[in-house]
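Visitor: For the record, in the sequence shown the residue sitting at position 267 is 255 according to the working numbering, with numbers rising by one throughout.
Every residue gets a Cβ at the ideal spot worked out from N, C-alpha and C, and that includes glycine.
Have a look at the structure that comes next, please.
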Amino acid sequence: MSSSNDLSSVLDKNQSTIFNEIKGLKFSPLTYERYNELLEKYTISNYPSSHLLILKEQTRTLNDKNLSKVISSIKNYHENISPSMKKSLEPVFLETLQSVERFCQRQCSLLDKLTDLVHLLLSEVPDGVLSPYHALLAHILFAKKEYEHGKILYFTKYHKVQQPMNSFTLQLFLYYSGCIALYNRDLQEAYFLFDQCITTPSKEITPQCVAAWKKEALLCLIINYSLYPVSKQFNYFIDLYQPLLVYKQIQENFINGPEKVKFIIEAFSSILKQDGNLGLAKQVVVSYIYSGINKVSKAFNSISVEALARRIHYDKNLLSVGLNKLIKKGLINASFDGDIIVFEEVKVKDKGLVELLFQLKECEQIYEEMKHHLTIREEEQMNKKGSIN
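Given below as structure tokens:
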């Protein structure tokens, strides 16, 4: 009955043998209860290594019904393992916990069952020490949209990294902390965290690294009005990896004005939305316009809307709508005199401008209203032509 792919093949073997064999086994699909039998046989006190390895494999049978029991078993193991063994087995323990966390990501309600255990583990980590469990917490808080609670992750000053924090786990922490910072409107912190995620030494380009670059490529245009610099290796990857094409095109066409960027965003809106970056991409357009207005307002006391539109390479009608929005929101101290915009003594309110750039929904609303206004104007012009004919 036993085979090399069956857990029963390792029963009744000593500690060193089961440790080596379980680690390399390709288990056949066994039930959750079968794993429990093995856990009872290889107890924590007598077989700490084997117990954990079996527990790790048991996570492959996770479902909504047994999730709480598996988490309880992991907690029980953590509380009963000796301190010396706990340290040596922590890499396997972390892998076990990550397997559960990945399962829980399917549904936010399941994450609540894991959150308490992660907080328990973090309570044993000294202040100022960055641990692998911080990466799990960052992922959990982002998935649950608890952005305010996540501020402590990136505002804490860490002076030490706790093992087994490898480059992959560190990238996980940096990426999800960056996402939380982005939603908290802490743009500079988000920029720094994504940059660190991209530049963290790793033998391979991870999914977190790619996702961070997508956001950083847009953030750099919004903050610095320039392209985000990358290594030759990553730049080569960008040229070959099709899902990154839209971000590369946005970067390359940024200097050509917002109209071209807007066209690219609309053409690839489904991809940007799937990546969770559509709002951020639209901010690039809004940011470009605000930057252009800011520069012009510092050079001229007044200027025609048409001349301003030419200077910032944008549609006159869309710009008129955008300027009205800026004035109403108090972001620009200016007024209209016919088709002339007159800038007052206070130019662009930089603080208010930055606040608006953080507000994804508000930027998107302005963008859509400007687009809608132009559509109406085009329809009116078409109707007039029809009447003349």
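Beta-carbon within less than 6 angstroms of Tyr235's beta-carbon, same chain only, minus the 5 sequence neighbours each way: which residues are those?
Guide: The sequence position of residue 235 within the sequence shown is 247, counting from 1. Answer for Tyr235: Lys202 and Ala205, listed in chain order.
Visitor: Alpha carbon to alpha carbon, what distance is there between Lys74 and Thr47?
Guide: Translated into the one-based positions of the sequence shown, residue 47 becomes position 59. Translated into the one-based positions of the sequence shown, residue 74 becomes position 86. Going by the C-alpha atoms only, they are around 19 angstroms apart.
Visitor: Assign Lys261 to one of three DSSP states: helix, strand, or coil.
Guide: Counting from one through the sequence shown, the residue named residue 261 turns up at place 273. Lys261 falls in the helix class under three-state DSSP.
Visitor: On the premise that Leu99 lies in contact with Leu110, defined as a C-beta separation below 8 angstroms, what is that separation, rounded to the nearest angstrom?
Guide: One-based indexing of the sequence shown puts residue 110 at position 122. One-based indexing of the sequence shown puts residue 99 at position 111. Not really, about 15 angstroms apart at Cβ, beyond 8 angstroms.
Visitor: Between Ala169, Val58, Leu306 and Val284, which has its C-alpha nearest Ala322's C-alpha?
Guide: Along the sequence shown, read from residue 1 onward, the residue named residue 322 stands at position 334. The option with the nearest alpha carbon to Ala322 is Val284.
Visitor: Give the list of continuous alpha helix (DSSP H) stretches no shorter than 4 residues that lie fully inside the region 152 to 195.
Guide: Within the region 152 to 195, the complete alpha helix (DSSP H) runs of at least 4 residues are 155 to 171 and 175 to 187.
Visitor: Three-state secondary structure (DSSP) at Thr19?
Guide: By one-based count along the sequence shown, residue 19 stands at place 31. DSSP places Thr19 in coil when its eight states are reduced to three.
Visitor: I need the DSSP call for Val113, collapsed to helix, strand or coil.
Guide: Taking the first residue of the sequence shown as 1, we reach residue 113 at position 125. In the structure shown, Val113 sits in coil (DSSP, three-state: anything other than H, G, I, E or B).
Visitor: Are the region 132 to 147 and the region 158 to 177 touching by the rule of at least three beta carbon pairs closer than 8 angstroms?
Guide: With a cut-off of 8 angstroms, the region 158 to 177 and the region 132 to 147 count as touching, because enough Cβ pairs lie within range.
Visitor: Rounded to the nearest angstrom, what separates Phe242 and Lys248 at their Cα positions?
Guide: Locating residue 242 in the sequence shown gives position 254, where the first residue counts as 1. Locating residue 248 in the sequence shown gives position 260, where the first residue counts as 1. Between Phe242 and Lys248, the C-alpha separation is close to 8 angstroms.
Visitor: How long is the line joining the alpha carbons of Asn244 and His301, rounded to whole angstroms?
Guide: Here the question's residue 244 lines up with position 256 in the sequence shown. Here the question's residue 301 lines up with position 313 in the sequence shown. Going by the C-alpha atoms only, they are around 8 angstroms apart.
Visitor: Alpha carbon to alpha carbon, how far is Lys261 from Pro36?
Guide: One-based indexing of the sequence shown puts residue 261 at position 273. One-based indexing of the sequence shown puts residue 36 at position 48. If I take the Cα positions, the gap works out to 46 angstroms.
Visitor: Look at the Cβ atom of Tyr163, then the Cβ atom of Leu118, and state whether they are nearer than 8 angstroms.
Guide: Walking along the sequence shown from the start, residue 163 turns up at place 175. Walking along the sequence shown from the start, residue 118 turns up at place 130. No; because the gap between Cβ atoms is not below 8 angstroms, this pair is not in contact.
Visitor: Taking the beta strand (DSSP E) that Asn223 belongs to, which residues open and close that run?
Guide: Along the sequence shown, read from residue 1 onward, the residue named residue 223 stands at position 235. From DSSP, Asn223 is part of no beta strand (DSSP E) but of the alpha helix (DSSP H) over Lys220 to Leu228.
Visitor: Which of the three DSSP states, helix, strand or coil, is assigned to Leu344?
Guide: Start at 1 with the first residue of the sequence shown, and residue 344 comes out as number 356. Note that Leu344 has pLDDT 48, beneath the 50 cutoff, so the model's placement of it is unreliable and no number is given.
Visitor: For the candidate residues Val330, Tyr276, Val273 and Ile253, whose alpha-carbon lies nearest to that of Lys286?
Guide: Position 298 of the sequence shown, counting from 1, holds the residue named residue 286. Lys286 has its Cα closest to that of Val330, out of Val330, Tyr276, Val273 and Ile253.
Visitor: Please report how far the alpha carbon of Leu41 lies from the alpha carbon of Lys101, in whole angstroms.
Guide: Walking along the sequence shown from the start, residue 41 turns up at place 53. Walking along the sequence shown from the start, residue 101 turns up at place 113. C-alpha separation (whole angstroms): 22 angstroms.
Visitor: Taking Tyr23 as the reference, which of Ser33, Asp52, Lys57 and Asn34 has the closest Cα?
Guide: Residue numbering aside, residue 23 sits at position 35 when the sequence shown is read from its first letter. If we check each option's Cα against that of Tyr23, Lys57 comes out closest.
Visitor: If we call anything under 8 angstroms between Cβ atoms a contact, is Ile253 one with Val273?
Guide: Indexing the sequence shown from 1 puts residue 253 at position 265. Indexing the sequence shown from 1 puts residue 273 at position 285. In contact: Ile253 and Val273 (Cβ atoms closer than 8 angstroms).
Visitor: How is the alpha helix (DSSP H) around Ser214 delimited, first residue to last?
Guide: Start at 1 with the first residue of the sequence shown, and residue 214 comes out as number 226. Neither: Ser214 is in no alpha helix (DSSP H) and is coded neither H nor E.
Visitor: Below 8 angstroms on the Cβ atoms is my contact criterion, and I expect Ile186 with Ala200 to pass it. Report the Cβ-Cβ distance as a whole number of Å.
Guide: Position 198 of the sequence shown holds residue 186. Position 212 of the sequence shown holds residue 200. Indeed, because the Cβ distance is near 5 angstroms, the residues count as touching under 8 angstroms.
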